[in-house]
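**Student:**
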């Protein structure tokens, strides 16, 4: 018997294949959320895939490939930022900011349904870095709290509270824009 | 029954599908009975849908997609650039002619060469062959013309691929056809993958730089100044060898024993007399 099963598996694992490519747009969107720069985002996407192809430990076939790629991307980005600025740019938003009760306020939410998608996108992109990131991870990419906690390397409770504040901020932005649009229309 | 404040405090978790079992059922039961909370729920749901339906926020450019596709095929190349002569290409193409010699050595060798585990390049070639058969590695160019395939590899791999039309040059009947080619990755380099078919049975040829892959393992057979490594992996036959800066792997499922593939390939040709004694009796 000439076959080495272990070696065969190693070769198979060397091929991420097209499953990884399915997450390209999602990774690119996340990269833009992190970098806010087209060129840097594209470089970060490529860096992410390069790291993935050379990673010694890869997710099993049934595990979360997308989450794994997002973790790689965020770590790659943090590494880049550390080299540039001696530390990540994110400002800690867990304290010193008024919490927003998502369910109690916002009388203008009915108008949000009429907002153009582009308007929502602009609102998301105008969010502070940490808020934009968590909205992208949860509401655009659909990660669970625990998956986001893994990507961000923070407790799930932090995800929950940060997401609440991010949505509150987003709600205010969208409501404000809508109000201004109505005034201009008048 | 929980009060409205308690339920509303859990609405976000409910909307994010973070509540399970009894907790989820409790919220649903309350919403079914409480119009006020149901209104808040609807408002919140609409808000989240507005955000969620705005995605995807961005789409990668075709250029980025192409670059990523290349990364997934191959990691960045660092190996020196290799050129190889037409003689090497001819050597690759003449594998079919060489195999009878290998068989002769296999049959006549009283002391078989030590058998070791298959090398990684052989394993990669088998995996590539299987993935192509499963439709996971479609050909990037399709042609039965060796010149067209050779030209397609120009500027895609760090070596020159010149596939000989050895069926014509050897005067054989056309027992197999060239189907096409694509790039595959191996060891931080592009490798050339060429697909053949013989009587509806696929044959794969993988070529890379010998700085990236060295034939190893299996049965070692020296012939015509070259050292061939023969392996049987997952029912497939793979022969690897290096020559003039390049390493080759040839994979097929032609017969139970590797040497039988060359017999089939040459049967009915002018090589018949040469191969006939090599058939198993």
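Chains as they are written, first to last, in my numbering: chain A, 3 to 188; chain B, 303 to 583. All residues carry an ideal CB built from backbone N, CA and C; glycine is no exception. These numbers come from a predicted model, not from an experiment.
Leaving aside the five residues before and after residue 61/A along the sequence, list all residues of the same chain whose C-beta is less than 6 Å from its C-beta, in chain order.
**Tutor:** If you number the first chain from 1, residue 61/A lands on position 59. Cβ neighbours of residue 61/A within its own chain (closer than 6 Å, five residues either side excluded): 67 and 70.
**Student:** Residue 504/B: buried (16+ other C-beta within 10 angstroms of its C-beta) or exposed?
**Tutor:** Working through the second chain from its first residue, we reach residue 504/B at position 202. Counting the other CB atoms within 10 Å of its CB gives residue 504/B a total of 16 or more, which places it among the buried residues.
**Student:** When the Cα atoms are used, what is the spatial distance from residue 135/A to residue 500/B?
**Tutor:** Locating residue 135/A in the first chain gives position 133, where the first residue counts as 1. Locating residue 500/B in the second chain gives position 198, where the first residue counts as 1. For residue 135/A and residue 500/B, the distance between alpha carbons rounds to 54 Å.
**Student:** DSSP state of residue 520/B, grouped into three classes?
**Tutor:** Translated into the one-based positions of the second chain, residue 520/B becomes position 218. Strand at residue 520/B.
**Student:** Please compile the residues from chain A whose C-beta is within a distance smaller than 8 Å of the C-beta of residue 358/B.
**Tutor:** Taking the first residue of the second chain as position 1, residue 358/B is located at position 56. The answer, in chain order, is 27, 28, 31 and 142.
**Student:** What I want to know is whether the C-beta of residue 365/B ends up closer than 6 Å to one or more non-hydrogen atoms of the ligand MG.
**Tutor:** The ligand MG is absent from the structure shown, which contains no ligands of any kind.
**Student:** Name the DSSP bridge partner or partners of residue 150/A?
**Tutor:** Along the first chain, one-based indexing puts residue 150/A at 148. Its beta-bridge partners do not exist; DSSP assigns none.
**Student:** Quickly, what does DSSP pair residue 447/B with across the bridge? List them, please.
**Tutor:** Locating residue 447/B in the second chain gives position 145, where the first residue counts as 1. Answer is none; residue 447/B lacks a bridge partner.
**Student:** Just to make sure I have the definition right: I need the residues of chain B whose C-beta is within less than 9 Å of the C-beta of residue 23/A. Which are they?
**Tutor:** Against the first chain, residue 23/A aligns to sequence position 21. Those are 367, 370, 371 and 374, listed as they occur along chain B.
**Student:** Answer with yes or no whether the minimum CB distance from residue 354/B to chain A is below 7 Å.
**Tutor:** By one-based count along the second chain, residue 354/B stands at place 52. Output row for residue 354/B: interface = yes.
**Student:** Between the stretch 353–360 of chain B and the stretch 27–40 of chain A, do three or more beta carbon pairs fall short of 8 Å?
**Tutor:** yes
**Student:** Could you tell me the alpha carbon to alpha carbon distance between residue 453/B and residue 355/B, rounded to whole angstroms?
**Tutor:** For this step, residue 453/B is matched to residue 151 along the second chain. For this step, residue 355/B is matched to residue 53 along the second chain. Cα to Cα, the separation comes out at about 46 Å.
**Student:** How about residue 44/A: is its C-beta nearer than 7 Å to some C-beta of chain B?
**Tutor:** By one-based count along the first chain, residue 44/A stands at place 42. Yes, contact with chain B.
**Student:** Count the other CB atoms, across all protein chains shown, that sit within 10 Å of the CB of residue 171/A; report buried if there are 16 or more and exposed otherwise.
**Tutor:** Position 169 of the first chain, counting from 1, holds the residue named residue 171/A. The residue in question, residue 171/A, is buried, as its Cβ has 16 or more Cβ neighbours within 10 Å.
**Student:** Give me the Cα-Cα distance between residue 545/B and residue 124/A, rounded to the nearest whole angstrom.
**Tutor:** Start at 1 with the first residue of the second chain, and residue 545/B comes out as number 243. Start at 1 with the first residue of the first chain, and residue 124/A comes out as number 122. The straight-line gap from Cα to Cα measures roughly 58 Å.
**Student:** With DSSP as the reference, identify every bridge partner of residue 316/B, one or two as the case may be.
**Tutor:** If you number the second chain from 1, residue 316/B lands on position 14. For residue 316/B, DSSP assigns no beta-bridge partner whatsoever.
**Student:** Strictly below 8 Å CB to CB, what residues from chain B border residue 126/A?
**Tutor:** Working through the first chain from its first residue, we reach residue 126/A at position 124. Those are 353, 356 and 359, listed as they occur along chain B.
**Student:** Shorter than 7 Å from the beta carbon of residue 109/A to some beta carbon of chain B?
**Tutor:** To locate residue 109/A, count along the first chain from 1; it is residue 107. Any answer about residue 109/A is weak, because its pLDDT of 47 lies below 50 and its placement is not dependable; what the coordinates show is given next. No, because no Cβ of chain B sits closer than 7 Å to the Cβ of residue 109/A.
**Student:** Report all residues from its chain with a CB closer than 7 Å to the CB of residue 370/B; omit the five preceding and five following residues, and keep chain order.
**Tutor:** As a position in the second chain, residue 370/B is number 68, starting the count at 1. Result list for residue 370/B: empty, nothing under 7 Å.
**Student:** So for residue 453/B, helix, strand or coil by DSSP?
**Tutor:** Position 151 of the second chain, counted from the start, is the residue given in the question as residue 453/B. Helix.
**Student:** Report buried or exposed for residue 286/B, applying the criterion of at least 16 other Cβ atoms within 10 angstroms of its Cβ.
**Tutor:** The first residue shown for chain B is 303 and the last is 583, placing residue 286/B beyond what the model contains.
**Student:** So does the stretch 515–522 of chain B actually touch the stretch 475–485 of chain B, counting three or more Cβ pairs closer than 8 Å?
**Tutor:** no
**Student:** If we define contact as Cβ-Cβ less than 7 Å, is residue 320/B a contact residue for chain A?
**Tutor:** Here residue 320/B corresponds to residue number 18 of the second chain, with the count starting at 1. Yes, because at least one Cβ of chain A sits closer than 7 Å to the Cβ of residue 320/B.
**Student:** Mind listing the chain B neighbours of residue 166/A? Cutoff is C-beta to C-beta under 9 Å, in chain order.
**Tutor:** Position 164 of the first chain, counted from the start, is the residue given in the question as residue 166/A. Neighbours of residue 166/A on chain B, chain order: 314.
**Student:** According to DSSP, is residue 429/B part of a helix, a strand, or is it coil?
**Tutor:** The residue labelled residue 429/B in the question sits at position 127 within the second chain. DSSP places residue 429/B in helix when its eight states are reduced to three.
**Student:** Enumerate in chain order the residues of its own chain whose CB-to-CB distance from residue 365/B is below 6 Å, with the five nearest sequence positions on each side excluded.
**Tutor:** The residue given as residue 365/B occupies position 63 in the second chain. So the list is empty, once near-sequence residues are dropped.
**Student:** Using three-state DSSP, classify residue 163/A as helix, strand or coil.
**Tutor:** As a first step, residue 163/A must be located in the first chain, where it is residue number 161. In this structure, residue 163/A counts as helix in the three-state DSSP scheme.
**Student:** Give me the chain A residues within the contact set of residue 350/B, using Cβ-Cβ distance strictly less than 7 Å, ordered along the chain.
**Tutor:** Your numbering for residue 350/B matches position 48 in the second chain. Those within 7 Å of residue 350/B in chain A are 141.
**Student:** Residue ranges of each beta strand (DSSP E) run of no fewer than 3 residues wholly in the stretch 488–512 of chain B, ordered along the chain?
**Tutor:** 491–500 and 503–511
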